[in-house]
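Worksheet: the structure to be examined is printed underneath.
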Amino acid sequence: MTDIKVILLDGSKIELSKGATLFDAACKISPRLGKEAIAGIVNGAKKDLDYVLEDDDHIEILTFSSSDGKEIYHHSTSHIMAQAVKELFPEAKLAIGPAIKDGFYYDFDIERSFTPEDMVIIEQKMKEIIERDLPFKKIEVNKEEAKKIFKDKEEKYKLELLEDIQDEKVTLYQQGDFMDLCRGPHVPSTGKIKAFKLLSVAGAYWRGNEKNKMLQRIYGISFDKKSELENYLRLVEEAKRRDHRKLGRDLELFSMHDEGVGFPFFHPKGMVLRNILENYWREEHQKSGYTEVKTPIILNKSLWMKSGHWDHYKENMYFTKIDEEDYAIKPMNCPGGILIYKCSLHSYRELPLRMAELGLVHRHELSGVLHGLFRVRCFTQDDAHIFMTPDQIGEEIKGVIDLTDRLYKTFGFSYHVELSTKPENAMGSDEIWEKATKSLEEALIEKEIKYIVNEGEGAFYGPKIDFHLKDCIGRSWQCGTIQLDFIMPEKFDLFYINKTGDKERPVMLHRTILGSIERFIGILIENYAGAFPVWLSPVQVKLLPIADRHIDYGKNIMKELKKHSIRAELDEINEKIGAKVRKAELEKVPYMLIFGDKETEEDLVSVRKRGEGDLGKIKLTRFIEDILKEIKEKTL
RNA sequence: GCCGAUGUAGCUCAGCUGGCAGAGCAGCUGAUUUGUAAUCAGCAGGUCAUCCGUUCGAAUCGGAUCAUCGGCUCCA
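As structure tokens, this is what we get:
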């Protein structure tokens, strides 16, 4: 018997007897890998573990720890779920069941709608199937044979899928009595799945097209260890605990009302937070050479025709009439900013002109997508429009990148960058787009920032760089965006006077950093779980007298704190100190000052820090110094 | 917008097969004067989302509307 050699990922080779499978290779590398192996990659193609290797094959063994491995694992779990559903509800028709970023789903066409109780039964059945430890068998057949099989099974969606497959040969996977059209690969047997959970059921259109039939989609997730599933479920719980919609109400920051769906109401404490945020934003923009403007919310239709919004953005806009004339409520700030630019003649010496605007825009979002402060119908963009000469593009983009970096770091966020290119409904020529896209790319390369490219995801007037920031539990949020625009200056006939006294066309750059103030506040709430750093806290200090006779002392402290613009509240409620402390902790106030007979005699306060406890007695003046330092430095 | 679930006091929730609307927390009043995450007692609080219907009788059953939540991008 001759041996074969296969080449591993690191270039090393191992010897195997002829006829050896991927699984044999995994075992040979290490018994542990053999145990953990899910599937493998042979010469770049994903294969099942029972794939027979040949001499000089390049192989890689996949385990759950790789994203490819996870995907296969999730996909196999979706097949098990489909089998369970078919066993319980034979009338259900199978659509598709892929792995997704965070788990898997399977779409079914079935008359009844799945209930939470059904989920429990399906999970039960899945456990049974896993216990049966059925092998996943790969079957290769001709397309015609496959058609016959699924015709007999009356699986019309599978037949439809078959129609779209070009290859003559297709693969089927079978475990037990369950057979599915599938490219594979799969885990060797159902017993491989160690921990799973069905998460939710939702409607979804066949092939994502609303003209097609609505199917029922069941979502789930699986892991190769019970503890990892528990971790995942804990993270879901943690996200729920941080939900800004609940915290926003509990901490009296904002509210939502039926009378204005998608239009958030900011309460006094929410406004404190908002004003701090906006003031900080203004300071940083002034430092970076921006001026600030404010443009009207309602503007004449003619402006929106000219800007292209009428043609490209109408579905998302609100309209009104004034004196029989059509007006639109602005969905973006740029046309207003352009009118300001056009008010005067500009010299090349003025450029770049950086015009910032905290602009309130309204957009008609579908009712089903509204979500707290994250997805609303009116929001304040921290917008800016930079008018510049073409040779200033690079520097300006880099300037915006720097400012963005500074702002995000202040809140403790890390981030990643994505570049979006020309979309289908774009205005302007390919050359202009190419030039604009290249400028953005060059700035990123020069700044040594890694980025992902999203083809066709740009705005209709230009390509863009998006900043996605990452919160403390690992979720990412799209906030900042830089969009280069050669088209608006053209449409509005913008110009500046160059050195030689001739008119020249400026380039425009649209950008936001926080994105939407409302949304950013939502992100801050979730990131800090409502426990804001001192500089952002609506109430920074809570004054807690031990007994009623110490209230006057508290009022004096209050006066002192006010002198330094420290935001404090005095708790005058007739309660034991434990209850007052509890209340302040639940309100997530960063500092509590507690004072009774001992403190009043010596001008002291007992300091308690949120989440940490008693820090001991110090002079009030000392406390003020310390907290002012913390506020000034924006300590996290 | 579409599919599904949900909607009872400010909040969290109970209320069975139709028969007088309930609790805890929060609020108010009083007692207590408290030493680092809940003192005790009393009071008040409701168009059971809205409308229409079935019924002797509807929070409960049916329909419509509104809102909220989850999903509708991931393609064998």
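Residues 1042 to 1677 in the working numbering are what the first sequence spells out, letter by letter.
Where is the CB? At the ideal position from N, CA and C, for every residue including glycine.
The ligand NAP and Tyr1198: does any heavy atom of the ligand fall closer than 6 Å to the residue's C-beta? Ligands are entirely absent from the displayed structure, and the ligand NAP is therefore not among its contents.
Throw me the rounded Cβ distance for the Ile1659 and Leu1645 pair, which I believe falls under 8 Å. Contact holds; Cβ gap of about 7 Å.
By a C-beta neighbour count over all protein chains shown, 10 Å radius and 16 as the cutoff for buried, is Arg1282 buried or exposed? Under this definition Arg1282 is an exposed residue.
Boundaries (first-last residue) of the alpha helix (DSSP H) holding Lys1596: Note, Lys1596: alpha helix (DSSP H), 1592 to 1604.
Considering only residues of the same chain and omitting the five flanking positions on each side of Leu1555, which have a CB-CB separation below 8 Å? Excluding five sequence positions before and after Leu1555, the CB atoms of its chain that fall closer than 8 Å to its own CB belong to Leu1318, Trp1322, Asp1423, Leu1448, Cys1520, Gly1521, Phe1561, given in chain order.
Taking just the CA atoms, how far does Ser1268 sit from Lys1166? Approximately 22 Å, taken between the alpha carbons.
Beta carbon of Thr1451 nearer than 7 Å to that of Lys1675: Yes, Cβ-Cβ distance for Thr1451 and Lys1675 is below 7 Å.
Compute the beta-carbon to beta-carbon distance between Ile1587 and Ile1614, rounded to the nearest angstrom, for a pair I have assumed lies under 8 Å. With a contact defined as Cβ atoms closer than 8 Å, Ile1587 and Ile1614 miss out at about 13 Å.
Taking the C-alpha atoms as reference points, what is the distance between Phe1428 and Lys1355? Their Cα atoms are separated by approximately 26 Å.
From Lys1238, Ala1133, Lys1463, residue whose alpha carbon lies closest to that of Val1161: The candidate whose alpha carbon is nearest that of Val1161 is Lys1238.
Residues in the same chain with beta-carbon distance under 8 Å from Gly1311, minus the five sequence neighbours each way, listed in chain order, please. Sequence-distant partners of Gly1311 (beyond 5 residues in either direction) whose C-beta falls short of 8 Å from its own C-beta, in its chain, are Gly1289, Glu1293, Leu1294, Phe1295, Ile1562, Pro1579.
If you draw a straight line from the alpha carbon of Leu1669 to that of Gln1433, how long is it in whole angstroms? Approximately 40 Å between the Cα atoms of the pair.
Apart from the five residues on each side of it in sequence, which residues of its chain come closer than 7 Å, Cβ to Cβ, to Thr1231? Excluding sequence positions up to five before and after Thr1231, its CB lies within less than 7 Å of the CB of Ile1121, Ile1170, Ile1171, Arg1173, Asp1174, Leu1175, Gln1216, all in the same chain and listed in chain order.
Continuous beta strand (DSSP E) stretch holding Asn1272: start and end: For Asn1272, there is no enclosing beta strand (DSSP E); the residue is found in the alpha helix (DSSP H) stretching over 1267 to 1282.
With three or more C-beta pairs closer than 8 Å as the rule, is the region 1134 to 1154 touching the region 1092 to 1100? Below 8 Å, too few C-beta pairs join the region 1092 to 1100 and the region 1134 to 1154 to call them touching: fewer than three.
On the three-state DSSP scale, how would you describe Thr1212? Three-state result, Thr1212: strand.
Would you check if the region 1328 to 1341 and the region 1386 to 1400 touch, i.e. whether three or more CB-CB distances between them fall below 8 Å? Yes: the two stretches touch, three or more of their Cβ pairs being nearer than 8 Å.
List the endpoints of the continuous alpha helix (DSSP H) containing Ala1123. 1108 to 1129 is the span of the alpha helix (DSSP H), which, as asked, contains Ala1123.
Give the straight-line distance between the Cα atoms of Gly1440 and Val1548, rounded to the nearest whole angstrom. In a straight line, the C-alpha of Gly1440 is about 16 Å away from that of Val1548.
Inter-residue Cα distance where the pair is Lys1479 and Asp1443: Distance between the alpha carbons of Lys1479 and Asp1443: 19 Å.
Looking only at its own chain, which residues have a Cβ that is under 7 Å from the Cβ of Glu1482, when we skip the five neighbours before and after it? Hits under 7 Å: Leu1460.
Measure the CB-CB distance between Lys1054 and Ile1048 and report whether it falls below 7 Å. Yes.
Tell me the start and end of each unbroken alpha helix (DSSP H) in the region 1544 to 1578 that is at least 4 residues and wholly inside, in chain order. Secondary structure remark: continuous alpha helix (DSSP H) runs of at least 4 residues inside the region 1544 to 1578, in chain order: 1558 to 1569.
Sub-7 Å separation of Leu1213 and Ile1180 beta-carbons: Yes, Cβ-Cβ distance for Leu1213 and Ile1180 is below 7 Å.
Inter-stretch contact at 8 Å, needing at least 3 Cβ pairs: the region 1098 to 1115 / the region 1071 to 1088: Here the region 1098 to 1115 lies against the region 1071 to 1088, with 3 or more beta-carbon pairs under 8 Å apart.
On the three-state DSSP scale, how would you describe Cys1419? Judged by DSSP in its simplified three-state form, Cys1419 adopts strand.
The beta strand (DSSP E) that contains Arg1649, what's its start and end? Segment 1645 to 1650, the beta strand (DSSP E) holding Arg1649.
Does DSSP classify Tyr1683 as helix, strand or coil? Any question about residue 1683 goes unanswered here, given that the chain covers just 1042 to 1677.
Since Phe1219 contacts Lys1127 with CB under 8 Å, what's their CB separation in whole angstroms? Between Lys1127 and Phe1219 the Cβ distance is about 6 Å, and since that is below 8 Å, they are a contact.
If I measure Cβ to Cβ from Gly1400 and keep anything under 7 Å in the same chain, skipping five residues before and after, which residues do I get? The residues are Thr1336, Asn1374, Thr1421, Gln1422, Asp1424.
Given this structure, state the Cα-to-Cα distance separating Thr1541 from Leu1535, to the nearest angstrom. The C-alpha of Thr1541 lies about 18 Å from the C-alpha of Leu1535.
Start-end ranges of the beta strand (DSSP E) lying completely within the region 1337 to 1402, minimum 3 residues: Within the region 1337 to 1402, the runs of beta strand (DSSP E) at least 3 residues long that lie entirely inside it are, in chain order, 1339 to 1341, 1359 to 1363, 1366 to 1370.
Residue range of the beta strand (DSSP E) that includes Met1633: Judged by DSSP secondary structure, Met1633 falls within the beta strand (DSSP E) whose first and last residues are 1632 to 1636.
Which residue from Glu1195, Lys1210, Lys1168 puts its Cα closest to that of Asn1183? For the set Glu1195, Lys1210, Lys1168, the Cα lying nearest the Cα of Asn1183 is the one of Lys1210.
Are the Cβ atoms of Lys1596 and Met1633 separated by less than 7 Å? Cβ distance not < 7 Å, so Lys1596 and Met1633 don't count as in contact.
Verify whether the separation of the beta carbon atoms of Gly1719 and Leu1525 is less than 7 Å. Residue numbering for the chain in the displayed model covers 1042 to 1677; residue 1719 lies beyond these limits and cannot be assessed.
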